Amino acid sequence: MTSRKPLIAGNWKLNNTVAESQALAGAIAAHVGDGLACDVVVGPVATSLTAVAQTLQGSAVGLSAQNTHWEDSGAFTGELSPTLLLDAGCGYCIIGHSERRQFFGETDAGVRKKVAALLVHKLVPIVCVGESLEQREAGQTLDVVLGQLEAATDGLDAVALAPLVVAYEPIWAIGTGRTAKAEDAQEVHGAIRAKLAELKGESWANSVRVLYGGSVKPANADELLAQPDIDGALVGGASLSASDFIPIIDAGARRAES
Ligand code: PGA
Numbered sequence: 542m543t544s545r546k547p548l549i550a551g552n553w554k555l556n557n558t559v560a561e562s563q564a565l566a567g568a569i570a571a572h573v574g575d576g577l578a579c580d581v582v583v584g585p586v587a588t589s590l591t592a593v594a595q596t597l598q599g600s601a602v603g604l605s606a607q608n609t610h611w612e613d614s615g616a617f618t619g620e621l622s623p624t625l626l627l628d629a630g631c632g633y634c635i636i637g638h639s640e641r642r643q644f645f646g647e648t649d650a651g652v653r654k655k656v657a658a659l660l661v662h663k664l665v666p667i668v669c670v671g672e673s674l675e676q677r678e679a680g681q682t683l684d685v686v687l688g689q690l691e692a693a694t695d696g697l698d699a700v701a702l703a704p705l706v707v708a709y710e711p712i713w714a715i716g717t718g719r720t721a722k723a724e725d726a727q728e729v730h731g732a733i734r735a736k737l738a739e740l741k742g743e744s745w746a747n748s749v750r751v752l753y754g755g756s757v758k759p760a761n762a763d764e765l766l767a768q769p770d771i772d773g774a775l776v777g778g779a780s781l782s783a784s785d786f787i788p789i790i791d792a793g794a795r796r797a798e799s
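Going by my numbering, the first residue of the sequence shown is number 542, and it counts up by one from there.
Written out as structure tokens, the structure reads:
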């Protein structure tokens, strides 16, 4: 169907001690082994990254941070940098999650600087975009989402952006149990791909994985992942238990094989 390898990523948000993170990562690694038809990534809290990297050694499960600063080092109290994330064993970093935009002042300009810094260090940015309920009801979904996308990639070319992953996460679907209908999600994913093509060329756009996020569960994963432009999932709540996350991983592998 597509040459894009599906990606199932777990965003653990502010949850799990080091021991809990390692136990969860260990259960996922045992399932994934040395690789499946889809890529699998987990995103623990920063204090668990190094320990989880050890747990994941020898498995194909990738490790993601949930945020970074754009500078490598210096007088930036409380921040982490791409260099430190690499040092901790990360291969990915979630950027621009709506919770960071809403509660921690993340701006489009900041997202763009973080994306550029991650790419320099060969870390894969998972850039989140998405509209609020008010924006959806006002018919502004595509303006908001495509605007966020344009800002995040501004001034970067398709070569630099080759590893980019986009996650479309309608804010009203995050943690609410309200998933976007698969066809509605596909409509936005299709528009995202068309915008990527307009911005940086069609061949790059066709290679970019666009994940869906917002109340993805074992029960709705297959339907979402059957859509032509939904290349995976960014999973919050359901990534916190192996018994929910593993069936979503398996749905990702089924997409690859379909
Ligand atoms: P959710 O979160 O799966 O709990 O809705 C998704 C996310 O915020 O990435």
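Positions of the beta carbon are idealized from the N, C-alpha and C atoms, including for glycine.
Note that the coordinates shown come from a computational prediction; the quantities given were computed from them, not determined experimentally.
Could you check what DSSP says for residue i in three-state terms: helix, strand or coil?
i, result
"V700", "coil"
"L683", "helix"
"M542", "In this prediction, M542 scores a pLDDT of 49, lower than 50, which makes its location untrustworthy; the coordinate-derived value is nonetheless stated afterwards. Coil."
"G688", "helix"
"P585", "coil"
"G615", "coil"
"R796", "helix"
"A650", "helix"
"A606", "strand"
"V707", "strand"
"G599", "coil"
"P769", "coil"
"L752", "strand"
"A774", "strand"
"A693", "helix"
Alpha carbon to alpha carbon, what distance is there between residue j and residue i?
i, j, result
"L548", "Y709", "13 Å"
"I790", "N761", "12 Å"
"A692", "A714", "23 Å"
"H662", "A606", "14 Å"
"H638", "V670", "7 Å"
"L687", "L604", "27 Å"
"D695", "I667", "16 Å"
"G599", "V573", "11 Å"
"S673", "P711", "6 Å"
"R750", "A560", "31 Å"
"A792", "A616", "44 Å"
"A721", "E647", "24 Å"
"S780", "D698", "33 Å"
"D613", "A657", "12 Å"
"T700", "G651", "In the sequence as presented, Thr is not what sits at residue 700; that position holds Val. Going from the Cα of V700 to the Cα of G651 covers about 21 Å."
"F786", "K736", "31 Å"
"V581", "L621", "23 Å"
For the beta strand (DSSP E) that residue i lies in, which residues bound it at each end?
i, result
"L548", "548 to 552"
"I667", "665 to 670"
"A636", "Ala is not the amino acid found at residue 636; the sequence shown has Ile there. Segment 633 to 636, the beta strand (DSSP E) holding I636."
So the alpha helix (DSSP H) residue i belongs to, where does it begin and stop?
i, result
"A762", "759 to 766"
"I569", "559 to 573"
"E678", "674 to 678"
"A629", "623 to 629"
Compute the beta-carbon to beta-carbon distance between residue i and residue j, rounded to the nearest angstrom, for a pair I have assumed lies under 8 Å.
i, j, result
"L565", "N557", "7 Å"
"R796", "L766", "4 Å"
Point to revise | Those runs of the alpha helix (DSSP H) which lie wholly inside the region 714 to 749 and span at least 4 residues | key: Qualifying alpha helix (DSSP H) stretches, in chain order: 723 to 741, 743 to 748.
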